[in-house]
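Single-structure report; data block below.
In our numbering, the protein residues as written are 5 to 418.
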């Protein structure tokens with residue numbers, strides 16, 4: 005990895021110095037993770053020293069103020085997870101409200117007009133992208149009239165092949181799951197905000213072993229803490245709020261039957277506004293094994309009110325003495341639009357044109373000032389030269405008397 009500035013950098017050494025990993029936690033614990041990514045870049049921007057969280061070592065790097073880019077070598081082309089961390093900081097030199105910038109990742113627009121002043125707390129934006137090239141370029145471009153761009157930390161790591169896109173939200177049917185309990189260091193929030201009413205649903209927890217299978221979900225797809233808790237649903241009253249209209253979303257529903265007392269008792273429907281899966285039988289999907297996780301992917305559009313209607317509900321095959329429906333976790337991943345953008349309607353070409361125009365204007369202004377200065381100096385020199393010449397060639401003062409013809413004749417007659 006190397007840092008390539010478009011223009012001279014300014015290093016910001018402020019309370020951001022201890023940097024971002026005070027952002028998440030002040031504790032450390034041992035992680036026993038089976039996932040070992042080939043590409044694993046952890047950049048702790050703005051810190052004087054490297055930071056270690058759990059068993060993850062974040063390499064310290066400078067915080068930039070000018071348009072800049074980070075370049076990472078890709079050893080293993082394919083799916084990669086990119087996380088951008090933005091943490092509020094205080095500085096006597098910089099006001100966070102003055103930051104407004106764009107972020108490009110290998111030609112994709114990740115963020116447009118992002119401002120750190122709008123964030124109340126730490127903000128982590130996660131992308132799952134496919135890289136065919138040997139390098140990953142992450143470019144930070146200050147927007148018009150913006151004084152600087154910033155980033156608190158960057159993660160670029162190889163990801164399992166079945167992960168993609170930008171993760172907009174991750175919800176768990178049980179308690180919050182922190183990055184320390186996820187092999188891909190994700191945060192899963194409780195699903196309370198996704199239900200219009202808490203009536204008709206309740207939580208269930210499982211203390212046994214989750215049985216992962218080769219053809220099912222892996223620990224990288226969903227950790228134990230997602231699959232050993234679930235929401236039991238009696239009616240389809242869930243929805244996914246706070247999404248952006250104009251984008252398609254890949255919604256990943258995580259299932260693991262930890263509630264049934266026997267195989268073949270659980271049947272339910274999956275809805276994406278219509279029937280996505282009717283009479284889904286977890287026993288058949290998992291080769292008749294309880295507590296074995298699997299997932300279902302759906303591609304849906306957000307409606308005009310910013311809601312994705314994806315939920316589960318009872319089937320006509322549901323039995324009176326059995327569970328109606330189950331849901332262990334939900335991931336909502338935003339798909340890039342037709343312009344290759346995850347944020348707004350500005351393609352990468354327009355963002356780069358803004359930068360080129362800004363740099364061109366920045367180049368022309370000093371040039372114009374230099375031309376004006378040269379013209380002014382030329383005018384001053386010309387004036388001084390004209391004054392000198394007027395002094396050297398001025399006629400001597402002479403006193404001329406009028407002489408009459410008679411006086412001339414008299415002079416000749418003498």
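Heads up, the beta-carbon is just placed ideally off N, CA and C, and yes, glycines get one too.
- The straight-line gap separating the alpha-carbon atoms of residue 82 and residue 135 is approximately 5 Å.
- Excluding the 5 residues flanking it on each side, residue 276 has same chain C-beta neighbours closer than 6 Å at 302, 304 and 314, in chain order.
- Taking C-beta atoms under 8 Å as the contact rule, residue 312 and residue 255 qualify, at a distance of about 6 Å.
- Only residues of its own chain outside the window of five on either side were considered, and among them 271, 272, 273 and 283 have a CB closer than 6 Å to the CB of residue 319, listed in chain order.
- Pairing residue 236 with residue 267 gives a Cβ-Cβ distance that is not under 9 Å.
- As a beta-bridge residue in DSSP terms, residue 207 pairs with 235.
- Between the alpha carbons of residue 131 and residue 378 lies a gap of roughly 52 Å.
- The Cβ neighbour count for residue 223, taken over all protein chains shown within 10 Å, is at least 16; the residue is labelled buried.
- Relative to residue 226, the option among 260, 316, 239 and 212 whose CA is nearest is 260.
- A straight line joining the alpha-carbon of residue 316 with that of residue 212 spans about 25 Å.
- Ranking 263, 337, 328 and 217 by CA distance to the CA of residue 289 puts 217 first.
- Among the bridge pairs identified by DSSP, residue 214 is matched with none.
- Residue pairing by DSSP places residue 85 opposite 132 and 161 in a beta bridge.
- Of the candidates 154, 99, 310 and 70, the residue whose Cα lies closest to the Cα of residue 127 is 154.
- Taking residue 329 as the centre and dropping the five residues before and after it, the same chain places the C-beta of 237, 272, 316, 317 and 318 closer than 6 Å to its C-beta, in chain order.
- Note: residue 325 is not bridge-paired with any residue in the DSSP secondary-structure output.
- When the five nearest sequence neighbours on each side are left out, the beta carbons in the same chain lying within less than 8 Å of the beta carbon of residue 78 are those of 43, 84, 135, 137, 138, 139 and 140, in order along the chain.
- Between the alpha carbons of residue 93 and residue 116 lies a gap of roughly 21 Å.
- One thing to note: residue 125 has its Cβ no nearer than 9 Å to the Cβ of residue 100.
- Contact between residue 219 and residue 152 does not hold, since their C-beta atoms are separated by about 49 Å, which reaches or exceeds 8 Å.
- Secondary structure of residue 117 (DSSP, three-state): strand.
- Secondary structure at residue 280: strand, using DSSP grouped into helix, strand and coil.
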